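Take a look at the structure set out below.
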Ligand code: S3P
């Protein structure tokens, strides 16, 4: 059985759909555990010098996924709380990287699960920043939820397969989610 105690792992990796709260939970958890937060999307934006939505528009999703894999590899060799992008688990190379890091005892992977309704509501608070949901379209609430359901149906098996811990986050604040994860890795 894997030992997820803080003294043995190097990083906690947060996975989950867009809008599940990975970045805010990562910041909270980083404070609780006194580990540095590391946001893959922010790292990618630093590297490309533009926003992810502009990069998707000019270079396409495949180019983005290649950068995402590079940043994931770097992150898994560092110590910290890693917030991934929601699509990281869609690439088999990334799932293999996560599994290798878990098997080596370096990473604990946490899936922040939420219902399509919660995700759609949160995604709609930041219009236009998720190219795979509302790239260059204006969507109403039902359309947003339908897009979320479509992608979530494809991805759920991957989130669940990769996770050492699943936290249902619909009714919880990011601080409460961070406390649950902290209790798991630092009991
Ligand atoms: C994506 C999620 C985004 C970002 C990119 C692709 C996805 O990150 O990486 O737009 O495929 O789910 P967040 O989950 O932080 O929104």
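Residue numbers (our numbering): 20 to 206.
By construction, the Cβ of each residue, glycine as well, lies at the ideal position given by its N, Cα and C atoms.
None of these values were measured; they are calculated from a predicted model.
Check	Outcome
Round the Cβ separation of residue 135 and residue 168 to the nearest angstrom and send it over; I've been treating them as touching at under 8 Å.	5 Å
Give the straight-line distance between the Cα atoms of residue 122 and residue 148, rounded to the nearest whole angstrom.	34 Å
Hey, is the region 99–118 in contact with the region 44–63, meaning 3+ C-beta pairs nearer than 8 Å?	yes
Along the beta strand (DSSP E) that carries residue 30, what are the first and last residues, could you check?	30–34
Can you tell me the Cα-Cα spacing of residue 16 and residue 172, whole angstroms?	Outside the modelled stretch of the chain, which goes from 20 to 206, sits residue 16, for which no answer is possible.
Considering only heavy atoms of the ligand SAM, does any lie closer than 7 Å to the CB of residue 42?	Of the ligands this structure carries, namely the ligand S3P, none is the ligand SAM.
What are the boundary residues of the alpha helix (DSSP H) that residue 127 is part of?	Note, residue 127: premise wrong, no alpha helix (DSSP H); beta strand (DSSP E) at 126–132.
To which residues does DSSP link residue 102 through a beta bridge?	33, 58
Give the DSSP-derived three-state secondary structure of residue 187 in the structure shown.	strand
Would residue 79 and residue 35 be called neighbours here (beta carbons separated by less than 8 Å)?	no
Distance, Cα to Cα, residue 205 vs residue 127?	12 Å
Smallest Cα separation from residue 152: which of 160, 166, 161?	166
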